[in-house]
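>
Chains as they are written, first to last, in our numbering: chain A, 1 to 116; chain B, 117 to 232.
Here it is, written out as structure tokens:
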């Protein structure tokens, strides 16, 4: 089975800190995604990547950046954490398909980030 | 931007009953997927239905898609306490774009509670 591993299950940071959330997948997937999940708002896409060193903005990229130096690893960076970034962060990966007819996402267990 | 909207937001039933959840979306899609999330965990893919399909089955799950109404439903038959979770629909939309499979937009979810 595909495994998507997020480095931390719970994280507590202070306002203004630089925060790194790490995600590693073990199935050689081309596509990787970062979502945040908030009550009443569902999942919202922050950034995604279709290949090493490539990144695309999602719906809510402000305040975030990403890094994909290796195919299996996709990092989400909060340059200066703020309280409104307190959320559950979910990483996902998927296989690429030439016909782009849909592939399921495999999710990590999530990181619950609290910014105080 | 939110695409899918699930209805109802919460559903409580007894074991053995059927559970039906609905999803509506706004724009044209390539496929629609349903995911399940146990409390505080990552999402798990359940089923994918393509835009040219009308119905799909997987075990106790039955998904229908009506592209003219831009809606889908997920039916769980003979529900069990272990089915208690949040259920999300997700759409992959519009014009197929090479190498962009897997970019999904999620709804806000239906919280299902199955009582023993």
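Cβ atoms here follow ideal geometry from the backbone N, Cα and C, with glycine treated the same way.
Can you name, in chain order, every residue of its own chain whose Cβ lies under 8 angstroms from the Cβ of residue 129/B, other than the five neighbours on each side?
Against the second chain, residue 129/B aligns to sequence position 13. Contacts found: 135, 195, 228, 229, 230, 231.
> Rounded to whole angstroms, what is the Cα-Cα separation between residue 50/A and residue 207/B?
One-based indexing of the first chain puts residue 50/A at position 50. One-based indexing of the second chain puts residue 207/B at position 91. About 18 angstroms.
> To the nearest angstrom, how far is it from the Cα of residue 173/B to the Cα of residue 139/B?
Here residue 173/B corresponds to residue number 57 of the second chain, with the count starting at 1. Here residue 139/B corresponds to residue number 23 of the second chain, with the count starting at 1. Distance between the alpha carbons of residue 173/B and residue 139/B is about 17 angstroms.
> Using 8 angstroms as the limit for Cβ to Cβ distance, is residue 65/A near chain B?
Within the first chain, the letter at position 65 stands for residue 65/A. Residue 65/A does not count as touching chain B.
> Which whole runs of the beta strand (DSSP E) in the segment 148-220 of chain B are 3 residues long or more, in chain order?
Those beta strand (DSSP E) runs which fall completely within the segment 148-220 of chain B and span 3+ residues are 159-166, 171-174, 177-182, 187-192, 201-209.
> Give the DSSP-derived three-state secondary structure of residue 125/B in the structure shown.
Taking the second chain and counting its residues from 1, the one referred to as residue 125/B is at position 9. If DSSP states are grouped into helix, strand and coil, residue 125/B belongs with coil.
> On a Cα-Cα basis, can you pick out the residue from 169/B, 191/B, 153/B, 180/B that is closest to residue 202/B?
Locating residue 202/B in the second chain gives position 86, counting from the first residue. Selected option, being the one with the closest Cα: 153/B.
> Is the beta carbon of residue 149/B closer than 8 angstroms to that of residue 164/B?
The residue you call residue 164/B lines up with position 48 of the second chain. The residue you call residue 149/B lines up with position 33 of the second chain. Taking 8 angstroms as the Cβ cut-off, residue 164/B and residue 149/B qualify as a contacting pair.
> Are the Cβ atoms of residue 69/A and residue 53/A separated by less than 8 angstroms?
If you number the first chain from 1, residue 69/A lands on position 69. If you number the first chain from 1, residue 53/A lands on position 53. Result yes, Cβ atoms of residue 69/A and residue 53/A sit closer than 8 angstroms.
> Ordered along the chain, which non-local residues of its own chain (more than five positions away) have a Cβ less than 7 angstroms from that of residue 37/A?
Here residue 37/A is taken as the residue at index 37 of the first chain, counted from 1. Around residue 37/A: 43, 87, 88, 90.
> Mind checking the segment 152-168 of chain B against chain A and listing, in chain order, the residues whose C-beta falls within less than 8 angstroms of any C-beta there?
For the segment 152-168 of chain B, which is checked against every Cβ of chain A, the residues closer than 8 angstroms are 156, 157, 158, 159, 160, 161, 164, 166.
> Exposed or buried, what is residue 41/A when buried is set at 16 or more other beta-carbons lying within 10 Å of its beta-carbon?
Walking along the first chain from the start, residue 41/A turns up at place 41. Exposed, because fewer than 16 other Cβ atoms sit within 10 Å of the Cβ of residue 41/A.
> Run through DSSP, which three-state label would residue 85/A get?
The residue labelled residue 85/A in the question sits at position 85 within the first chain. In this structure, residue 85/A counts as helix in the three-state DSSP scheme.
> For the putative contact between residue 192/B and residue 181/B, defined by C-beta atoms under 8 angstroms, what is the C-beta separation to the nearest angstrom?
Indexing the second chain from 1 puts residue 192/B at position 76. Indexing the second chain from 1 puts residue 181/B at position 65. Rounded, the Cβ-Cβ distance is 16 angstroms, inconsistent with contact.
> Can you look up residue 60/A in the DSSP assignment and give me helix, strand or coil?
The residue you call residue 60/A lines up with position 60 of the first chain. Coil, per DSSP.
> Among 85/A, 105/A, 116/A, whose alpha-carbon lies nearest the alpha-carbon of residue 161/B?
The sequence position of residue 161/B within the second chain is 45, counting from 1. Of the listed residues, the one whose Cα sits closest to residue 161/B is 105/A.
> Please report the straight-line C-alpha distance between residue 144/B and residue 185/B, rounded to a whole angstrom.
Indexing the second chain from 1 puts residue 144/B at position 28. Indexing the second chain from 1 puts residue 185/B at position 69. Answer to the nearest angstrom: the Cα atoms are 11 angstroms apart.
> Kindly indicate which residue of 58/A, 74/A, 56/A has the alpha-carbon position closest to the one of residue 26/A.
The residue you call residue 26/A lines up with position 26 of the first chain. Of 58/A, 74/A, 56/A, the residue nearest in Cα terms is 74/A.
> Buried or exposed, going by whether 16 or more other CB atoms sit within 10 Å of the CB of residue 103/A?
Taking the first chain and counting its residues from 1, one reaches residue 103/A at position 103. By the 10 Å Cβ count, residue 103/A comes out buried.
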